[in-house]
Amino acid sequence: MYYDYLPPKQKERGMTSRERVLAALQHKEADKIPVDCGAERSTTIQAIAYNNLKEYLGIEGGETKINDTVQQCIIPEQWFLDMFQIDAVDLARTFADDPDDWKEWALPDGSPAKIQKWIRMERRHKMTVIVNEKGEEICKMPDSAYYFDQSVWPLMGIHKKNFDDLPQYMEKVMWSYVSDPMWSKANDPNFYTMLKENAKKLYEETEYAIIMPFGGSIFEYGQYLYRTDELLMNLITHKDEIKMMVGKLTDLYMEKLPDVLDAVSSYVQIIRMGDDLGLQSGPMISPELYREIYFPHHKRMFQTVKEKTDLYIYFHTCGAMSEFIPDLIEAGVDILNPVQITAGGMAPDRLKREFGKDIVFWGGGCDTQHVLPHGTPEDVRKDVRKNSEVFMKDGGFVFNQVHNILADVPPENIYAMLDEVNKIHY
105 MYYDYLPPKQ
115 KERGMTSRER
125 VLAALQHKEA
135 DKIPVDCGAE
145 RSTTIQAIAY
155 NNLKEYLGIE
165 GGETKINDTV
175 QQCIIPEQWF
185 LDMFQIDAVD
195 LARTFADDPD
205 DWKEWALPDG
215 SPAKIQKWIR
225 MERRHKMTVI
235 VNEKGEEICK
245 MPDSAYYFDQ
255 SVWPLMGIHK
265 KNFDDLPQYM
275 EKVMWSYVSD
285 PMWSKANDPN
295 FYTMLKENAK
305 KLYEETEYAI
315 IMPFGGSIFE
325 YGQYLYRTDE
335 LLMNLITHKD
345 EIKMMVGKLT
355 DLYMEKLPDV
365 LDAVSSYVQI
375 IRMGDDLGLQ
385 SGPMISPELY
395 REIYFPHHKR
405 MFQTVKEKTD
415 LYIYFHTCGA
425 MSEFIPDLIE
435 AGVDILNPVQ
445 ITAGGMAPDR
455 LKREFGKDIV
465 FWGGGCDTQH
475 VLPHGTPEDV
485 RKDVRKNSEV
495 FMKDGGFVFN
505 QVHNILADVP
515 PENIYAMLDE
525 VNKIHY
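For the sequence shown, the positions run 105 to 530 when the numbering used here is used.
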């Protein structure tokens, strides 16, 4: 089983994509900046913006398949990978091959897309809701919105003496329930065989760098279990309970991690995990609290990867999180994303100067809060050059905009961003 087209071997243009990305991960300067747009759920583009870009460029046909239903983000088609010289792809795309797995979906602007057929959607109270097998609402998207928000927090108001039943609560967390085309097949008895076969085929028949999406969120999932305000209070008032929950959650990840690594480590270069730790102005929790409660469990997962494989660990964490970078490096993180350069303490020159020898910046190439949605194409090009020239020195940089390209971003700005970065050479 495989996607309905195979990305071809790349034309002779210096390094291959895989070589280019690996050079950056080894803190070496490549022939040009490696580029990502769509290799994981936080580096991609919302479906409305993607359709607008296709219309702007005169791209006809194809299918807008939504890989991340919660964020309404897409699997980039081959024309996109080729036109914009994309160097990395998501292994999950190889599970999007069967037409019977998809159904038509009208986006909020009325343009067409496809979503996974197994996802149950209903209309309730002027919004679209996703429900589980029992008809219980998991998440919702009002008619005026462009993405889904969680509807329930299954542990809110509950204090527990043990978390042996945590999996049943996780089923009501939208990020756990509404999975991508790959993880939606995780209960198939042949899942790990398919994972290995798909990774091998993608590795042998293309020259892209490949990312394995894993998750591994232990702080962020607590927010979806308790709700953010209650979790933050419980970190003070019920600290031992939260420690127990975090330990059990990590155990659940550790049950899958060895089998995932065994399946993909010969073919995949990067494993993606993440936990949003920052706000716009500063950390969401103190570095001391992070180190006490979360650091040991992050390190347990990351060191398992290091001990069993040569994979690079990619860690997604939004916001002003520079105070956590030394701990993340110590825990085993190789790559930081999305590098939110407009948040407090996240200026590119400071990050590169203080941490550039020890961690790779995958992102930070274009400001998605202000410049990309609201600037002119020339503003976008200037921002791309300014940020890239800081991060690219001595390698250690893969270009991506700061987080996903949202629905209202003008297509001419998307084109300007991806066209400009491909003009920058070492």
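Glycine included, every Cβ here is placed at the ideal spot set by N, Cα and C.
{"query": "Are the beta-carbon atoms of GLU434 and PRO391 separated by less than 9 Å?", "result": "no"}
{"query": "Would ILE152 and ALA511 qualify as a contact pair, given that the criterion is a beta-carbon distance under 9 Å?", "result": "yes"}
{"query": "How is PRO216 classed by DSSP in three states: helix, strand or coil?", "result": "strand"}
{"query": "With a floor of 3 residues, list each beta strand (DSSP E) that falls wholly inside the region 290-357, ordered by position along the chain.", "result": "313-319"}
{"query": "Since I believe VAL437 is in contact with LEU476 (beta carbons under 8 Å), could you give me their beta-carbon distance rounded to a whole number of angstroms?", "result": "No, LEU476 and VAL437 are not in contact; Cβ-Cβ is about 26 Å, not under 8 Å."}
{"query": "Tell me, please, which residues DSSP counts as bridged to THR232.", "result": "ARG227 and MET245"}
{"query": "Looking only at its own chain, which residues have a Cβ that is under 7 Å from the Cβ of LEU329, when we skip the five neighbours before and after it?", "result": "TRP257, PRO258, LEU259, TYR273 and VAL277"}
{"query": "Taking contact to mean at least 3 C-beta pairs separated by less than 8 Å, is the region 279-290 in contact with the region 171-191?", "result": "yes"}
{"query": "In three-state DSSP terms, what is GLU116?", "result": "Caution is warranted here: a pLDDT of 47 is assigned to GLU116, below 50, making its placement in the model unreliable, and no coordinate value can be reported."}
{"query": "In chain order, what residues of the same chain lie with their CB nearer than 7 Å to the CB of ARG395, ignoring the 5 residues before and after it?", "result": "ASP431"}
{"query": "In this structure, how does DSSP classify GLU208 when only helix, strand and coil are distinguished?", "result": "strand"}
{"query": "What residues in its chain sit with their C-beta under 6 Å from that of MET286, if we drop five residues either side in the sequence?", "result": "ALA196 and PHE199"}
{"query": "Inspect the beta-carbon positions of ILE137 and VAL525 and report whether they are closer than 9 Å.", "result": "yes"}
{"query": "In angstroms, rounded to a whole number, what distance separates the CA positions of GLN130 and PHE495?", "result": "14 Å"}
{"query": "Please report the straight-line C-alpha distance between ILE315 and VAL409, rounded to a whole angstrom.", "result": "14 Å"}
{"query": "Please confirm whether LYS412 and LEU365 have their CB atoms less than 9 Å apart.", "result": "yes"}
{"query": "Using a Cβ-Cβ cut-off of 8 Å (strictly less than) and excluding sequence neighbours within five positions of LYS115, which residues of its own chain qualify?", "result": "Its pLDDT being 45, under 50, LYS115 is placed unreliably in this model, and the value from its coordinates should be taken loosely. Counting only Cβ-Cβ distances below 8 Å, and skipping sequence neighbours, we find nothing."}
{"query": "Mind the definition here: the region 367-375 touches the region 180-191 only if three or more C-beta pairs lie below 8 Å; say whether that holds.", "result": "no"}
{"query": "Would you decide whether TYR107 is buried or exposed? Buried here means 16 or more other CB atoms lie within 10 Å of its CB.", "result": "Here TYR107 scores only 35 on pLDDT, less than 50, and its place in the model is too uncertain to base an answer on."}
{"query": "Rounded to the nearest angstrom, what separates TYR109 and ILE528 at their Cα positions?", "result": "Per-residue confidence for TYR109 stands at a pLDDT of 37, beneath the threshold of 50, marking its modelled position as unreliable; no derived number is given."}
{"query": "If the criterion is Cβ atoms closer than 9 Å, does the pair TYR160 and PRO180 meet it?", "result": "no"}
{"query": "Consult DSSP for ARG457 and reduce its assignment to one of helix, strand or coil.", "result": "helix"}
{"query": "By how many angstroms is the C-alpha of THR310 removed from the C-alpha of PRO112?", "result": "At PRO112 the pLDDT is 48, less than 50, meaning the model places this residue with poor confidence and gives no usable figure here."}
{"query": "Where does THR297 land, buried or exposed, given buried means 16+ other C-beta within 10 angstroms?", "result": "exposed"}
{"query": "Counting only runs of 3+ residues fully inside the region 456-506, write out the beta strand (DSSP E) ranges in chain order.", "result": "464-466"}
{"query": "Work out the CA separation of ARG224 and LEU270 for me, nearest whole Å.", "result": "23 Å"}
{"query": "Determine the burial state of ALA290: buried for a count of at least 16 other Cβ atoms within 10 Å of its Cβ, exposed for fewer.", "result": "exposed"}
{"query": "Is there contact between the region 301-309 and the region 243-257, where contact requires at least three CB pairs shorter than 8 Å?", "result": "no"}
{"query": "What number of angstroms, rounded off, separates the C-alpha of LYS347 from the C-alpha of MET337?", "result": "13 Å"}
{"query": "Using a Cβ distance threshold of 8 Å, determine whether the region 400-408 contacts the region 220-238, with at least three qualifying pairs required.", "result": "no"}
{"query": "With 16 as the cutoff for other CB atoms within 10 Å, does GLN327 come out buried or exposed?", "result": "buried"}
{"query": "Just the C-alpha distance for MET105 and ASP201, rounded to the nearest angstrom, thanks.", "result": "In this predicted model, MET105 has a pLDDT of only 27, less than 50, meaning its place in the structure is not dependable; the value taken from the coordinates is given anyway. The alpha-carbon atoms of MET105 and ASP201 are separated by roughly 7 Å."}
{"query": "Nearest-angstrom Cα distance between MET119 and TYR530?", "result": "13 Å"}
{"query": "Drop a sphere of 10 angstroms on the beta-carbon of GLN176, count the other beta-carbons inside from all chains shown, and report buried for 16 or more, exposed for fewer.", "result": "buried"}
{"query": "Report the residue from ASP204, GLN182 and PRO203 whose alpha carbon sits nearest the alpha carbon of ASP194.", "result": "GLN182"}
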